[in-house]
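A short write-up of the structure that comes next.
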Amino acid sequence: MGVINEIVVVFHLLSMAAIVGGWLAAGRQGRIVPSMVWGGRLTVVTGLILVAIAEMIKTPNHMKIGVKFGIALAVLGLGEIANSRQRKLAIEQPALVGGGAPAAAARAASPAAAGVGSLVDAMFWLTVLNVAIAALWRSYS
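Going by the numbering used here, the first residue of the sequence shown is number 2, and it counts up by one from there.
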């Protein structure tokens, strides 16, 4: 069981890195990249697997798990909403993808104007918060 747990931990950390790395690569431009969305999905799935493994071995801190799961669901939801807004914008404004639109129209219909940038920023900061909770919240009972 220990090897399986360690493999799942690696995927859990890689999923977090996909969110943070995606934000560093494209989030500052107000866009979401697929790695961020898949990172959010994988974080929730691997987190649930880690909790299931922990329940088999010992009794984990359920309060910490609940807080982290709530934050992970918020990150996932923000990612899905940002992705759907960005995809909808690309469908509605195909000229913007090719770069042929005037600058004013491009700004009005940009992903940042659709609120994607603020959702991506919130995803990033909630992910950082979740990592901080994982590292700093210890149960000393």
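By construction, the Cβ of each residue, glycine as well, lies at the ideal position given by its N, Cα and C atoms.
Simplified DSSP state of K65, which is helix, strand or coil:
In the three-state reduction of the DSSP assignment, K65 falls in the helix class.
I need the DSSP call for G71, collapsed to helix, strand or coil.
Here G71 sits in helix by DSSP.
If you follow the alpha helix (DSSP H) that T60 is in, where does it begin and where does it stop?
That residue, T60, is in no alpha helix (DSSP H); it is neither H nor E in DSSP.
So the alpha helix (DSSP H) V34 belongs to, where does it begin and stop?
Where V34 is concerned, there is no enclosing alpha helix (DSSP H), given that its DSSP letter is neither H nor E.
Closest by CA to L51, which one among T128, V10 and V129?
In terms of CA proximity to L51, V10 leads the group T128, V10 and V129.
Would S16 be called buried (16 or more neighbouring beta carbons within 10 Å of its own) or exposed?
Label assigned to S16: buried.
Assess contact between the segment 59-67 and the segment 112-131, defined as three or more Cβ pairs (one per stretch) separated by less than 8 Å. Is contact present?
Contact between the segment 59-67 and the segment 112-131 is absent, because fewer than three Cβ pairs lie under 8 Å.
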